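Everything on this sheet refers to the single structure shown next.
There are 2 protein chains.
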Amino acid sequence: MSQDSQFHLNAFLMGVGHHEAAWRHPRTEAHRVLDVAHFQELGRIAERGKLDSVFFADGLAVGPRIKHNTQAIFEPVTLLSAIAVATEHVGLIATASTSYSDPYNLARKFTSLDHISGGRAGWNIVTSAGADEAANFGVDGIPAHSGRYERAEEFVDVTLALWDSWEDGAVVLDPETGVFADPGKVHTIDHDGPRFRVKGPLNSPRSAQGRPLLVQAGSSESGKEFAARYAEAVFTAQRTLEQGQEFYRDLEARVVKHGRNAGDLKVLPGIVPFIADTEEEAKALEQSFTDLISPEYSLRQLSTMLGVDLTKHSLDAPLPPLPPLDEIQGNKSRYQLVKDLAADGSLTVRQLIGLLGGGRGHRTFAGTPEQVADELQTWFEQGAADGFNIMPPYLPGGLDDFVDRVVPILQQRGLFRTEYTATTLRGHYGLTDVGNRFAGAVDEASA
Amino acid sequence: MSQDSQFHLNAFLMGVGHHEAAWRHPRTEAHRVLDVAHFQELGRIAERGKLDSVFFADGLAVGPRIKHNTQAIFEPVTLLSAIAVATEHVGLIATASTSYSDPYNLARKFTSLDHISGGRAGWNIVTSAGADEAANFGVDGIPAHSGRYERAEEFVDVTLALWDSWEDGAVVLDPETGVFADPGKVHTIDHDGPRFRVKGPLNSPRSAQGRPLLVQAGSSESGKEFAARYAEAVFTAQRTLEQGQEFYRDLEARVVKHGRNAGDLKVLPGIVPFIADTEEEAKALEQSFTDLISPEYSLRQLSTMLGVDLTKHSLDAPLPPLPPLDEIQGNKSRYQLVKDLAADGSLTVRQLIGLLGGGRGHRTFAGTPEQVADELQTWFEQGAADGFNIMPPYLPGGLDDFVDRVVPILQQRGLFRTEYTATTLRGHYGLTDVGNRFAGAVDEASA
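Protein sequences, first through last, are from chains A and B.
Numbering-wise (my numbering), the first sequence opens with residue 1 and increments by one.
Numbering-wise (my numbering), the second sequence opens with residue 448 and increments by one.
Pasting the structure below:
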């Protein structure tokens, strides 16, 4: 949220593409979902386009989608480590859950990626809404929405403290005196809260960008409050300019309410672009993907998303009435989105599936490179975005097309960088250096 | 434990060397402890020597050693991911704790490394004895030795089940039919034990080597029983041939008692080799490292190792009497080793520190390339080893010397491979393919 003259671009990467049928389409090679070199290539393509970052989502279960789901292969941070050493500039963002990990392990893992990449790591904070995920960690049913966010807040507080536990300059590394670290600049955090007790310090020094970037994607009331308090970038699904503007204004007001500057948080709506020489060809390209959607897979996915079993429901009837939002313990943002789409009862389940198939609720857009650029420019200039979460429907081709055909237009219009001017992810997003709560403090206990 | 005609070699890597003063020595560049390219280079050197694997240890705290400790930088699995994509053959083993992580997360992390590396991942199982580690995870004091191993057993049982949850061939990846996975070959594990409840399946398919190799290094009674039951390779600190033979025989008997074949577990004693053209030069090289040891650091480290505060103790007096082993809740193997060394009261603390400085209790050996090769051959042929855990005192030079000067001698003698003949870590160690408990099973629940 800022008056920047240029916007930011993140490439949200998933298997061989975001479209659920991408791996069945002739424009992809399905076996590459298992190939780390494919993902390294995607990182290099993003870097060729001077993109701010790449991002991998994650979930901690295969759920009921196993028959048709190509996504469950790599853990994102290990994957990004392999991409880090194949790239030099692009930021590297991974999802990790606050519900099913420990702050110490998570802080360490992301700091390690930050060291490996020279300060390019980012953490997309999720609270893991799924009952299938809960069952892999000894939790029955879906953990309550409010409890997940309470835990997430304490989790992030501890993680931030651990990331501050080594000050800049704590590493002395002086072979003459034999001093590796200045104990006066390495601090215990002594956190003692309702869910976590963590002494610290972290077992890894501060990284080149101070600490990993905090990213968030929840759009529920709790999610937006959480983002306004902690996040530095927000991924969001907004289907119309008006909805995007409303979300942007709402989040901006919350950020300011929390005592932060509006520019401290960047809002990045998602877009699934189908790009071709003409609008007609682009729409035909999109249709060629839609034609490959498996109704069986989609109904399972929609059932999981809604928490309502639709697998016996007719594809050509409207969606049955859905329970009210406040009864939902799962992913509220996605639930509300489907509820809105189905509100007037005019869409059949089959039509709804087609709409959702491209980007699981994110906006799809089929057009020429100029039309895509126009659309992004409009959202940026009309106060709905600080940048965009680019979700190529197929990979690597869809990212190639965006980088080679859309980015140059954005650069010509002065809307996007022509060279990297920063070395860290934080720098790419134009975020000022983070402070350190311990800077200058004296902490004998950790000496 | 086998009658193999050739032995196995693992390079245990740590910062710029195992000797605690390595980073102060002119043969190293201290700043490289922070440089991922340094570690990628080490992986490539090990591969040049056709070594079976490289290994990184880990701990979940900085403890009291922060002033002089150069080790706390990278989390091993993220680091090995970066090394995986810079190498093609060498195995990649990392320590991870059963006390402070979840089976689902750990199984996923190592499977991800296994996919990234094409089946070269190994897990060194530790139970985390330190009070400083406990304090970072909400646990007061040192967790009881027995409780740690009980948790470790259930943890490994769950992890093995998760690694079996996808059968070989479960991934169909057929674009024509739209089938990614065969649900009949992907299984829930439905584990319900005293410490963990985990439904499964894992959210990642089976890897090229079936599952990561299991490695273990504890030499306590519980540690040896654990190793005999689960481990496929054991790292161990043995200071004399006789002790090595006794350990080997003991472990072999335990392996057989657990119904396994003796050859299912490889015993790899550690050795810290100082290599030079003459024995005299090698000993002078070792002394040049010993001269750089910081007594302040060493006393803190020894105090931590023993759980006895020696920081006010005279360097030139013998060690004070130590409490009996059964009162120790921490690392029993290392404690017993120091107790043995100090048993007759003839060593001063300063001398003990010198002995321990090279490899923290592992055997150091200074000699010519031929002498090092002779020593390894003797241990192998005399029934004390299936291979060796090579711990270069300084890096990369100490590994270069071993690979370029000792390995060719071993190859000439027919004791070590001249080319890789396998593609996986499991293959390098000559371990037969693991089975899968679910192979052929019908599991409708996960369909």
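C-beta: ideal position from N, C-alpha, C; glycine also.
Owing to the predicted nature of the structure, the values given are computational and were not obtained by experimental measurement.
Asked: Spatially closest choice to Leu661 (chain B) from B:Gly496, B:Tyr841 and B:Ala599, by CA coordinates; Found: B:Ala599
Asked: Distance, Val349 (chain A) Cα to Ser220 (chain A) Cα; Found: 24 Å
Asked: Residue-chain proximity (Arg108 (chain A), chain B), Cβ-Cβ < 7 Å; Found: yes
Asked: Cutoff 7 Å: Phe459 (chain B) Cβ touching any chain A Cβ; Found: no
Asked: Proximity test, Cβ basis, 7 Å: Ala477 (chain B) and chain A; Found: yes
Asked: Contact set for Phe137 (chain A): own chain, Cβ-Cβ below 7 Å, skip 5 residues either direction; Found: Tyr100
Asked: Reduced DSSP category for Phe110 (chain A) - H, G, I as helix; E, B as strand; rest coil; Found: helix
Asked: Any chain B beta carbon closer than 7 Å to Pro143 (chain A); Found: no
Asked: Which of helix, strand or coil DSSP assigns to Asp451 (chain B); Found: coil
Asked: Distance between Glu232 (chain A) and Gly345 (chain A) (C-alpha atoms, nearest Å); Found: 37 Å
Asked: Reduced DSSP category for Thr188 (chain A) - H, G, I as helix; E, B as strand; rest coil; Found: coil
Asked: Extent of the continuous alpha helix (DSSP H) to which Ala820 (chain B) belongs; Found: Pro816 to Glu828
Asked: Val703 (chain B) - partner residues in DSSP beta bridges; Found: The partner list for Val703 (chain B) (beta bridge, DSSP) is empty, contrary to what the question assumes.
Asked: Assigned secondary structure, Pro269 (chain A) (DSSP; H/G/I helix, E/B strand, else coil); Found: strand
Asked: Chain-ordered neighbours of Val483 (chain B) on chain A, where CB pairs are closer than 9 Å; Found: Ser81, Ala84, Val85, His115, Ile116, Ser117 and Gly118
Asked: Cross-chain neighbours of Ser294 (chain A) in chain B, by beta carbon under 8 Å; Found: Gly625
Asked: Beta-carbon neighbours of Lys514 (chain B), restricted to chain A and to distances below 7 Å; Found: Val179, Phe180, Ala181 and Pro183
Asked: Spatial distance of Pro273 (chain A) from Arg405 (chain A) (CA atoms); Found: 12 Å
Asked: CB contact below 7 Å: Ala493 (chain B) versus chain A; Found: no
Asked: Exposure label - Arg696 (chain B); buried when at least 16 CB within 10 Å; Found: exposed
Asked: Whole-angstrom C-beta distance between Asn124 (chain A) and Gln216 (chain A), which should lie under 8 Å; Found: 7 Å
Asked: Proximity test, Cβ basis, 7 Å: Ser204 (chain A) and chain B; Found: yes
Asked: Where Asn650 (chain B) sits in the DSSP three-state scheme; Found: coil
Asked: Ser314 (chain A) classed as buried or exposed, judged by whether at least 16 other C-beta atoms fall within 10 angstroms; Found: exposed
Asked: Beta-carbon contacts of Thr725 (chain B) that lie in its chain and below 7 Å, excluding the five residues immediately before and after; Found: Thr815
Asked: Within chain B, the residues that Asp102 (chain A) reaches when beta carbons sit closer than 9 Å; Found: Tyr547, Ser548, Asp549, Asn583, Phe584 and Gly585
Asked: Closer than 6 Å: Gln382 (chain A) CB and nearest the ligand SAH heavy atom; Found: The ligand SAH is not part of the structure shown, which contains no ligands of any sort.
Asked: Three-state secondary structure assigned by DSSP to Phe402 (chain A); Found: helix
Asked: Neighbour flag for Ser559 (chain B) against chain A, beta carbons, 7 Å; Found: yes
Asked: Cβ-Cβ distance between Ser222 (chain A) and Tyr297 (chain A) below 7 Å; Found: no
Asked: Exposure label - Asn105 (chain A); buried when at least 16 CB within 10 Å; Found: buried
Asked: Ser750 (chain B) vs Leu757 (chain B) beta-carbon contact at 7 Å; Found: yes
Asked: Partners in chain B for Arg24 (chain A), counting only beta-carbon separations shorter than 7 Å; Found: Pro622 and Gly625
Asked: Beta-bridge partners of Val645 (chain B), as assigned by DSSP; Found: B:His638
Asked: Cβ-Cβ distance between Leu9 (chain A) and Phe388 (chain A) below 7 Å; Found: yes
Asked: DSSP state of Asp316 (chain A) mapped onto helix, strand, coil; Found: coil
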